[in-house]
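A short worksheet on the structure shown next.
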Amino acid sequence: MWETKGWATSRIKRALSKPSHLGHQALTVVPWMGTALALAALALPSVAQAGNAAMLSALKAQVRAMQEHIAQIEKADREEHARIRAELKAQRQAFEADPFRMAQQPQSVVYRSRGGLGAYPGALLSSPAVSGGAGPYGDRPHLVDPFARQPLAPRPTPRTPYADITAMPSSHSDLFGPLHRGQIQIGDIRLTLGGYFEGAGVWRSRMDGSDMTTAFQATPWGNQTAYHMNEWRQSARGSRISLLAEGMITPQIAADGYMELDFQSSGTSSNGRQTNSYNPRIRVLYGEVKAADNNWYFLGGQEWSLLTPSGPGLLARDAQIPLTIDNEFLPGFTWTRTPQFRAVKSFGKDEAWSVGLSLEDPDAIAGGVADLNGRTITTGVPGTSTNNSMASYSAAPAPDTVLKVATNTAWGNFALGGIMRWFKTRASKVGHGSNHLAVAGGGQATAVMPIVKDRLIFRAAVLGGTGLGRYGSAGLPDYTFSQNGSPVPLPEGSVMVGVFGHALPRLQYYIYGGAEEVLGRRAFNAGGQAYGYGNRAYNMSGCHIELSKNCAAATNVRLSAEATGGLWYTALEGDYGRVLMGAQYAHTYMEAFKGQGGKPHTDDNMVFMSVRYMPFN
217 MWETKGWATS RIKRALSKPS HLGHQALTVV PWMGTALALA ALALPSVAQA GNAAMLSALK
277 AQVRAMQEHI AQIEKADREE HARIRAELKA QRQAFEADPF RMAQQPQSVV YRSRGGLGAY
337 PGALLSSPAV SGGAGPYGDR PHLVDPFARQ PLAPRPTPRT PYADITAMPS SHSDLFGPLH
397 RGQIQIGDIR LTLGGYFEGA GVWRSRMDGS DMTTAFQATP WGNQTAYHMN EWRQSARGSR
457 ISLLAEGMIT PQIAADGYME LDFQSSGTSS NGRQTNSYNP RIRVLYGEVK AADNNWYFLG
517 GQEWSLLTPS GPGLLARDAQ IPLTIDNEFL PGFTWTRTPQ FRAVKSFGKD EAWSVGLSLE
577 DPDAIAGGVA DLNGRTITTG VPGTSTNNSM ASYSAAPAPD TVLKVATNTA WGNFALGGIM
637 RWFKTRASKV GHGSNHLAVA GGGQATAVMP IVKDRLIFRA AVLGGTGLGR YGSAGLPDYT
697 FSQNGSPVPL PEGSVMVGVF GHALPRLQYY IYGGAEEVLG RRAFNAGGQA YGYGNRAYNM
757 SGCHIELSKN CAAATNVRLS AEATGGLWYT ALEGDYGRVL MGAQYAHTYM EAFKGQGGKP
817 HTDDNMVFMS VRYMPFN
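Structure (structure tokens):
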């Protein structure tokens, strides 16, 4: 029994002599204390029998000493908790005061414990440990994420001028770099917020009833009362919301999804009288897979057409969009935003060469009379199910197919592209009918050239072929009808030139000119009636007489052109975003084909204003 007592005493002494500095080592000491007390209880009968009061007294003294030591450990543990909380609070306050400075000074808190995060809240300290070597107690520093918020780096440089004024995320992002303004990390997924809040206004010398998206084809002619009236409109519907989600599938393959919404849609009850309630709409919505090791890019969803002029390479979110406040831009600019399947292959450094192929959702605009010689011509059907029942969806049998080659050089960005389209109609009489198919398409060339870096940049684009009206802002038709009801693609061309740049670090300017034209008539006469597009027999005699019905100009437009210019001024810029102020003037001119009574024309003068707050840019 004395031997047992000696063994217990020895274990207690060794436990007490072992240094402990924090709570996790206290967890190591407490089990030994329980064992020692149990063994001491077994030894007491022998002590009493032997009358060894001195030994019992010594054992009690050791237990009291151990309890005092545990109290010291608990006190140190509380102090360590308080120290870490104080450091985290100080870092959070410093970050909120100046996030950019903090981004250049990454902070860390040392957790002096072998046991990892232990009892500390997991949201406050992130793991695993970063490099830095072991501390005096075998500990390592851990990066701090105060309340799940890392210090933010300054915003990345936009890839295009349009991205600069709309807070569109870059097509190239560094998923291994620091978080930038407007970015959130959720596990392995990085979210980038974008967009802006806008208040805008427009004055037009001719009233066409449109918002900040001008309906050029609705510009009134002289026989309409709206031609003699001007209008002023204000809108917040151009305000935009965007979200980019990115992640690495493998070390070489990344995936992203991008969504962009605004409020320029209208429901059946939308109006401007009292509530001004309008609907959100999809602008862009797609998913993309990027293979970094061999520069392949695959996209599926709604995006700017591959035929839209682009920046370096042919990547998504790199389109060279005009900087206008008018969301219909100007005649001569080639674009659609449409569902598509796109594949792009890049070669060389910085997308020196790129080749892209896109299969895009087709639709078409028909021009001319759709009922001739007793035949009913069907070009499409009204929408059903989730489609708009008030819109017609064309009977296209195949996707619009776009092929494009681009190069990025020291002289600028240059591209050549081509498109093929298919139009289908059905000519019917009671009891029978026949389908008709036509093929159309054309070619494109674009250039973006820096004349003086950042200060003067020249851009030009030309598009020519047949059946290309859908791809321009003017809204010209794609085809008309032959005598048997088959589609006849219209010969068309468009051109746009311009310059833009920074006159001052905070002042950006742009000047553009563009035009779209139907290059030839496609018409015939039958049974004493005029048919087709641009027929010389159409009556144009009343196009300058108010309320006259003798004006076929609106359905026989030959030319739509515009000259425009504007400014964007960065009024405020700081840690919490940017405030832009913009102004734009535009002069629009439209001309119809010459018919009976002359060659009518119309015009419009427009002045736009905009204030945008971009919290994430």
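For the sequence shown, our numbering gives the first residue as 217, with consecutive numbering after it. For every residue, glycine included, the Cβ atom is placed at its ideal position computed from N, Cα and C.
Assigned exposure category for V734 - 16 Cβ within 10 Å defines buried: The sequence position of residue 734 within the sequence shown is 518, counting from 1. Label assigned to V734: buried.
**Neighbourhood of I673 by C-beta, 6 Å cutoff - its chain only, sequence neighbours within 5 removed** = Your numbering for residue 673 matches position 457 in the sequence shown. The answer, listed in chain order, is P666, F716 and G717.
Practice prompt. Rank T602, A631, R591 and I581 by C-alpha distance to the C-alpha of A611 and give the top, closest one.
Written response: Stepping through the sequence shown from its first residue, residue 611 is reached at position 395. Cα-wise, what sits closest to A611 is I581.
Discussion item. Please classify L341 as buried or exposed, where buried requires at least 16 other C-beta atoms within 10 Å of its C-beta.
Written reply: The count along the sequence shown starts at 1 and reaches residue 341 at position 125. Below a pLDDT of 50, predicted positions are generally treated as unreliable, and L341, at 32, falls in that range; the measurement from the model is reported next regardless. Answer is buried; the Cβ neighbour count reaches 16.
So is K669 buried or exposed if we call it buried at 16+ other beta carbons inside 10 Å?
The residue you call residue 669 lines up with position 453 of the sequence shown. The residue in question, K669, is exposed, as its Cβ has fewer than 16 Cβ neighbours within 10 Å.
Checklist entry - With a CB to CB cut of under 6 Å and the five nearest residues on each side skipped, what residues in its chain are close to M797? => result On the sequence shown, residue 797 is found 581 positions in, with the first residue counted as 1. Taken in chain order, the residues that qualify are Y785, A787 and V827.
query = Which two residues bound the contiguous beta strand (DSSP E) that contains T554?
reply = Stepping through the sequence shown from its first residue, residue 554 is reached at position 338. Where T554 is concerned, the enclosing beta strand (DSSP E) stretches over R553 to F563.
| If we ignore side chains and look at the alpha-carbon of each, how far apart do Q536 and T524 end up? | By 1-based counting over the sequence shown, the position of residue 536 is 320. By 1-based counting over the sequence shown, the position of residue 524 is 308. Each residue's Cα considered, the two are about 8 Å apart.
If you draw a straight line from the alpha carbon of D819 to that of T382, how long is it in whole angstroms?
Working through the sequence shown from its first residue, we reach residue 819 at position 603. Working through the sequence shown from its first residue, we reach residue 382 at position 166. Each residue's alpha carbon lies about 29 Å from the other.
- Message: Do S710 and V618 have their beta-carbon atoms positioned less than 8 Å apart in this structure?
- Response: Position 402 of the sequence shown holds residue 618. Position 494 of the sequence shown holds residue 710. S710 sits away from V618, with the two beta carbons spaced by 8 Å or more.
Legend entry - F830 versus A452: straight-line alpha-carbon distance, rounded: Residue mapping note: residue 830 aligns to position 614 of the sequence shown, counting from 1. Residue mapping note: residue 452 aligns to position 236 of the sequence shown, counting from 1. Residue identity differs from the one stated: residue 830 is Met in this sequence, not Phe. In a straight line, the C-alpha of M830 is about 14 Å away from that of A452.
**Study point:** Identified DSSP bridge partners for I402
**Key:** Position 186 of the sequence shown holds residue 402. Looking at the DSSP assignment, I402 forms a beta bridge with I405.
Discussion item. I'd like to confirm the pairing. Which residues does DSSP put opposite K620 in its beta bridges?
Written reply: Looking up residue 620 in the sequence shown gives position 404. According to DSSP, K620 bridges with G572 and G633.
*Please classify M756: is it buried, with 16 or more other beta-carbons within 10 angstroms of its beta-carbon, or exposed?*
Locating residue 756 in the sequence shown gives position 540, where the first residue counts as 1. So M756 counts as buried.
| query | How about A656 and T696: do their beta carbons lie closer than 8 Å? | reply | The sequence position of residue 656 within the sequence shown is 440, counting from 1. The sequence position of residue 696 within the sequence shown is 480, counting from 1. Contact flag unset, no.
Item to check | Where F674 sits in the DSSP three-state scheme | outcome: As a first step, residue 674 must be located in the sequence shown, where it is residue number 458. Residue state, collapsed to three classes: strand.
Margin query: Contact defined as beta carbons within less than 8 Å: I believe Y412 pairs with R456. What is the distance between those atoms, to the nearest angstrom?
Written below: Within the sequence shown, numbered from 1, the residue matching residue 412 stands at position 196. Within the sequence shown, numbered from 1, the residue matching residue 456 stands at position 240. Right, the Cβ-Cβ distance comes to about 6 Å (below 8 Å), so this counts as a contact.
Q. Distance, Cα to Cα, K645 vs P578?
A. Here residue 645 is taken as the residue at index 429 of the sequence shown, counted from 1. Here residue 578 is taken as the residue at index 362 of the sequence shown, counted from 1. Distance between the alpha carbons of K645 and P578 is about 27 Å.
Review point. Should E290 go down as buried or exposed, given a rule of 16 or more other Cβ atoms within 10 Å for buried?
Key: As a working mapping, residue 290 is identified with position 74 in the sequence shown. Under this definition E290 is an exposed residue.
As a quick exercise: from P436, M475 and R449, pick the residue whose alpha carbon is nearest that of G488.
For the purposes of this step, residue 488 is identified with residue 272 of the sequence shown, where counting begins at 1. If we check each option's Cα against that of G488, R449 comes out closest.
| request: Answer with buried or exposed for T408, where buried requires no fewer than 16 other C-beta atoms within 10 angstroms of its C-beta. | output: As a first step, residue 408 is located in the sequence shown; it is residue number 192 there, counting from the start. Counting Cβ neighbours within 10 Å, T408 comes out buried, since at least 16 surround it.
Q) Is it buried or exposed for Y801, if we count other Cβ within 10 angstroms and need 16 for buried? A) Taking the first residue of the sequence shown as 1, we reach residue 801 at position 585. Classification of Y801: exposed, given that the 10 Å Cβ count is below 16.
Proximity to L632 [Cα-Cα], best of G572, M712 and N651 = Within the sequence shown, numbered from 1, the residue matching residue 632 stands at position 416. The shortest C-alpha separation from L632 is found at G572.
Selected residue, minimal CA-CA separation from E807, among T771, G417 and N543: In the sequence shown, residue 807 corresponds to position 591, counting from 1. It is T771.
For F557 and L575, which I take to be in contact (beta-carbon distance under 8 Å), what is that distance rounded to the nearest angstrom?
Here residue 557 refers to the residue found at position 341 when the sequence shown is read from its first residue. Here residue 575 refers to the residue found at position 359 when the sequence shown is read from its first residue. So it is a contact: roughly 5 Å between Cβ atoms.
- Message: Taking contact to mean 3 or more Cβ pairs, one atom from each stretch, closer than 8 Å, check whether the region 386-403 and the region 420-433 are in contact.
- Response: no
Q) What are the partner residues of S776, as DSSP defines its beta bridges? A) Within the sequence shown, residue 776 is the residue found at index 560, counting from 1. In DSSP, S776 forms a bridge with E732 and M806.
Legend entry - Straight-line gap, D293 to I300 (C-alpha atoms, nearest Å): For the purposes of this step, residue 293 is taken as the residue at position 77 of the sequence shown. For the purposes of this step, residue 300 is taken as the residue at position 84 of the sequence shown. The alpha-carbon atoms of D293 and I300 are separated by roughly 11 Å.
Open item on the list: Please tell me whether G688 and T466 are closer than 8 Å, where the distance is taken between their beta carbons.
Closed with: The count along the sequence shown starts at 1 and reaches residue 688 at position 472. The count along the sequence shown starts at 1 and reaches residue 466 at position 250. No.
Review point. Do the CB positions of G658 and L692 come within less than 8 Å of each other?
Key: What you label residue 658 is simply residue 442 of the sequence shown in a count that begins at 1. What you label residue 692 is simply residue 476 of the sequence shown in a count that begins at 1. Going by C-beta atoms, G658 is not nearer than 8 Å to L692.
I'd like to check one pair, F740 with Q699: are the Cβ atoms closer than 8 Å?
Walking along the sequence shown from the start, residue 699 turns up at place 483. Walking along the sequence shown from the start, residue 740 turns up at place 524. Against a cut-off of 8 Å, the Cβ pair of F740 and Q699 comes out as a contact.
>> Once DSSP output is grouped into helix, strand and coil, what is the label at L720?
In response: As a working mapping, residue 720 is identified with position 504 in the sequence shown. It is a strand residue.
Taking DSSP's pairing of strands, which residues face W185 in a bridge? Nothing can be reported for residue 185, as the shown portion of the chain is limited to 217 through 833.
* So T491 packs on A568, CB below 8 Å; how close in whole Å? -> What you label residue 491 is simply residue 275 of the sequence shown in a count that begins at 1. What you label residue 568 is simply residue 352 of the sequence shown in a count that begins at 1. Going by Cβ atoms, the distance from T491 to A568 rounds to 53 Å, so no, they are not a contact pair.
ask   = Hey, out of G393, I286 and G814, whose CA is closest to A753's CA?
value = Numbered from 1 along the sequence shown, position 537 holds the residue referred to as residue 753. Closest in alpha carbon position to A753, among G393, I286 and G814, is G814.
Of the residues P385, N446 and T592, which one's Cα is nearest the Cα of L531? The sequence position of residue 531 within the sequence shown is 315, counting from 1. When C-alpha distances from L531 are compared across P385, N446 and T592, the shortest belongs to P385.
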